[in-house]
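Asks:
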Amino acid sequence: MAGPMKMRATWANGFTDVRVLMTHPMETGQRKDPDGNLVPMHFIQTITVQLNGKTVVDCEVSQGVSRNPVFSFRIKGGARGDKITVAWQDNKGESNSIDSAVA
Amino acid sequence: MIRFSKTVLILSGLALTAPASAQDAKKEIQRYRDMVAEGSPAELFEIEGEALWKKPQGPRSASFEKCDLGMGPGVVKGAYAHLPRYFADADRVMDLEARLMHCMMTLQGRTAKEATARVFGSADRPSEMESLSAYVASASRGLPMEPGMSHPKEQQAYELGRALYVHRAGPWDFACTSCHGEEGKRIRLQELPVLAKPEAARAVAASWPAYRVSTSQFITLQWRMNDCYRQMRMPEPGFASEATVALIHFITVNGRGVPYRGPGNKR
Amino acid sequence: MDRIRRALIGISAAAFLKPWEALAAWNKEAFGAKTAQDALRSIGVSGAAPTKEVLIEAPEIAENGAVVPIEITSNIPGTTSIAVIADKNPFPLVAQFRFHEGAVPFVKLNIKMGETSEVRAIAQAGGKSYVATKEIKVTIGGCGG
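From first to last, the protein sequence lines stand for chains A, B and C.
Per the working numbering, residue 15 is the first one in the first sequence, and the count goes up by one each step.
Per the working numbering, residue 5 is the first one in the second sequence, and the count goes up by one each step.
Per the working numbering, residue 1023 is the first one in the third sequence, and the count goes up by one each step.
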């Protein structure tokens, strides 16, 4: 089960700022566990940001992104009450998403 | 965590591209800290902590919702800003984690052994204590830190903390002051704060507990005391013991008045 | 070409599929490239022109390479994507962001850096590419605790 996500979408001066936190180990496959075994690669590969169901940003990311990633995006327009959805999928096919109303 | 193929920066005595001075380096490091703080995974631990606060556990199947952190049963907002403080029902000064342990035992019926079975977590697997600390601390965001200072036992705890801070012991004859005793000392590229002084103590009081990005761990002041003692090659202090609470009280009192910013993000 | 087609299908299907099913396309070749040049080639960039219109806001010194905060803004009109490359990382391409109608070409993210390196932000606009570069020094602070 994917860990919690948290998102804040705020409207100001004609722009909607979106800040999203994700729980994910973003393992590079180069790290060793306490027993000396390599921890396999496990990282988010794709992320989509949607405004009212329409994709505005789509992202391809890699294990070069920090663990427990935090991203900020900016959308032109939008209005208070609009729905922002951020969804991710990782290399194991696991996924998670979160909806938030623009404040 | 990725391995470093080289540790790179040597500050003094070399001509470098900007920054060329120790002052510039300090400014850039502060900029790093500010930018890291803006994107805080610590909030994820706050969410977990809130769920644990409400979850019935232990032989009595009770949540923490009647736990009195000093402002009345179940009152979380502002509680952290008034810790450590004296609690009459335990007749001792307690910090946040000592008080959480108290509630685990008195409200939930867990034994001391059960409550302390796993107090320090690991990368991305915080302990229950750490998640709860994140949640409770977050509810004091923006409030000035005002630990208890009026009760005689609070004053004694402060004095004990001050004495421990300078007390040299262990196989290396170390005290806190061995690292934290003088201005201008540094471990690798991190400046060591002199915690007996208000300015440095304020920065600590304002930003602990915190998420450490380099280890992906949520760390608390009890963890910090334990790890400092380990680094000094001292015997391991008991969790939430009189000694650790006294040191935490000493630092928090020295840093009193500062608005609480945390839970923070650290390197 | 195949990739672009897949990505377009993904975008148009977004309206019908759950969000996380919409885009499964991930450029394996680009993310597996071991040099910045190979990575750039794999994302269809050749000869990116240096520009001052793409801004990289980042500290010059990172206290720890596990988390290096980077904020990128492209002021080039019609920017459709921004790619982030850390030259000395084992796999230099860190991320690529595509901006559709409504999105501002702006992103803030935390990247991992193994050592001091140039970080590049490559913006694509109107069929051309532009690059801004910043060196970030990676250090270690603290007692290891």
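Even glycine gets a Cβ: it sits at the ideal position worked out from N, Cα and C.
Here the structure is a predicted model, which means the values were calculated and not measured.
Are the CB atoms of B/R206 and B/V262 nearer to each other than 8 Å?
Replies: Closer than 8 Å, so yes.
Asks: Tell me which residue opens and which closes the alpha helix (DSSP H) that B/Y84 is part of.
Replies: From DSSP, B/Y84 is part of no alpha helix (DSSP H); its letter is neither H nor E.
Asks: Residues in the same chain with beta-carbon distance under 6 Å from B/A188, minus the five sequence neighbours each way, listed in chain order, please.
Replies: Just to set this straight, residue 188 of chain B is Gly in the shown sequence, not Ala. Same-chain partners within the cutoff: there are none.
Asks: With 7 Å as the limit, tell me which residues of the stretch 60 to 73 of chain A have their beta carbon closer than that to any beta carbon of chain C; keep them in chain order.
Replies: Within the stretch 60 to 73 of chain A, the qualifying residues are T60, T62, Q64, L65, G67, T69, V70, V71, D72 and C73.
Asks: Which two residues bound the contiguous beta strand (DSSP E) that contains A/E74?
Replies: Counting along the chain, the beta strand (DSSP E) containing A/E74 begins and ends at K68 to V75.
Asks: So is B/R64 buried or exposed if we call it buried at 16+ other beta carbons inside 10 Å?
Replies: Exposed: under 16 other Cβ atoms inside 10 Å.
Asks: Hey, does A/R22 have any beta-carbon neighbour from chain C nearer than 8 Å?
Replies: No, no contact with chain C.
Asks: So what's A/D113 in DSSP terms, helix, strand or just coil?
Replies: In this structure, A/D113 counts as strand in the three-state DSSP scheme.
Asks: Based on DSSP bridge pairs, tell me the residues matched to B/G268.
Replies: DSSP output for B/G268 lists B/A214 as bridge partner(s).
Asks: For A/D72, is the classification buried or exposed, using 16 other Cβ atoms within 10 angstroms of its Cβ as the cut-off for buried?
Replies: Buried is the call here.
Asks: Just curious, the alpha helix (DSSP H) that B/K31 is in, first and last residue?
Replies: Run containing B/K31: A26 to E42, per the alpha helix (DSSP H) assignment.
Asks: With respect to the beta strand (DSSP E) encompassing B/I51, which residues constitute its N-terminal and C-terminal limits?
Replies: B/I51 -> not in any beta strand (DSSP E); alpha helix (DSSP H) instead, spanning A46 to K58.
Asks: In the stretch 1088 to 1134 of chain C, which residue ranges form an unbroken beta strand (DSSP E) of at least 3 residues, counting only runs that do not cross its ends?
Replies: Those beta strand (DSSP E) runs which fall completely within the stretch 1088 to 1134 of chain C and span 3+ residues are 1090 to 1096, 1101 to 1108, 1115 to 1121 and 1125 to 1133.
Asks: Could you check the C-alpha separation between B/V140 and A/V34 for me, to the nearest Å?
Replies: The straight-line gap from Cα to Cα measures roughly 22 Å.
Asks: With a floor of 4 residues, list each alpha helix (DSSP H) that falls wholly inside the stretch 227 to 263 of chain B, ordered by position along the chain.
Replies: DSSP runs (the alpha helix (DSSP H)) wholly in the stretch 227 to 263 of chain B: 246 to 258.
Asks: Does B/T181 come out as helix, strand or coil in the three-state DSSP assignment?
Replies: Correct three-state label for B/T181: helix.
Asks: Which one of B/I51, B/A29 and B/M238 has the shortest CA to CA distance from B/G174?
Replies: Of B/I51, B/A29 and B/M238, the residue nearest in Cα terms is B/M238.
Asks: Can you find the residues in the same chain that come closer than 7 Å, C-beta to C-beta, to A/V70, ignoring five residues on each side of it along the sequence?
Replies: Cβ within range, chain order: V63, Q64 and I89.
Asks: Using a Cβ-Cβ distance under 8 Å, would A/T37 count as near chain B?
Replies: Judged by the 8 Å Cβ criterion, A/T37 is in contact with chain B.
Asks: Interface residues of chain C around A/I89 at Cβ under 8 Å?
Replies: Under the 8 Å cutoff, chain C gives G1124, A1125 and V1126.
Asks: Distance check for A/N110 and B/L164, CA to CA, integer angstroms please.
Replies: Looking at the two C-alpha atoms, the distance is approximately 49 Å.
Asks: My output table needs one value for A/Q44: the three-state DSSP class, helix, strand or coil.
Replies: The answer is coil: DSSP assigns A/Q44 none of H, G, I, E or B.
Asks: Have a look at C/S1103 and C/Q1118 and give me their C-alpha separation to the nearest angstrom.
Replies: Straight-line Cα distance between these residues: approximately 7 Å.
Asks: Going by DSSP, what residues sit across from B/M98 in a beta bridge?
Replies: For B/M98, which the question treats as bridged, DSSP gives the partners B/R89.
Asks: Quick one: using the 10 Å Cβ neighbour count with 16 as the cut-off for buried, is A/A23 buried or exposed?
Replies: A/A23 is buried by the Cβ-count criterion.
Asks: Check whether the Cβ of A/T24 sits closer than 7 Å to any heavy atom of the ligand SAH, and report yes or no.
Replies: In terms of ligand content, the structure shown is empty, and the ligand SAH therefore cannot be addressed.
Asks: By Cβ distance below 7 Å, which residues in the same chain neighbour A/K106 in space, the five residues on each side in sequence not counted?
Replies: Within the same chain, A/K106 has close Cβ partners H56.
Asks: Give me, in chain order, the residues of the same chain whose beta-carbon lies closer than 8 Å to that of B/A210; leave out the 5 immediate sequence neighbours on both sides.
Replies: Only M149, G259, V262, P263, Y264, R265, G266 and G268 meet the Cβ criterion.
Asks: Mind listing the chain A neighbours of B/I51? Cutoff is C-beta to C-beta under 7 Å, in chain order.
Replies: Neighbours of B/I51 on chain A, chain order: P18 and K20.
Asks: According to DSSP, is B/M105 part of a helix, a strand, or is it coil?
Replies: In the structure shown, B/M105 sits in a helix (DSSP, three-state: H, G or I).
Asks: Within 10 Å of its beta-carbon, does C/Y1152 have 16 or more other beta-carbons around it, so buried, or fewer, so exposed?
Replies: Counting Cβ neighbours within 10 Å, C/Y1152 comes out buried, since at least 16 surround it.
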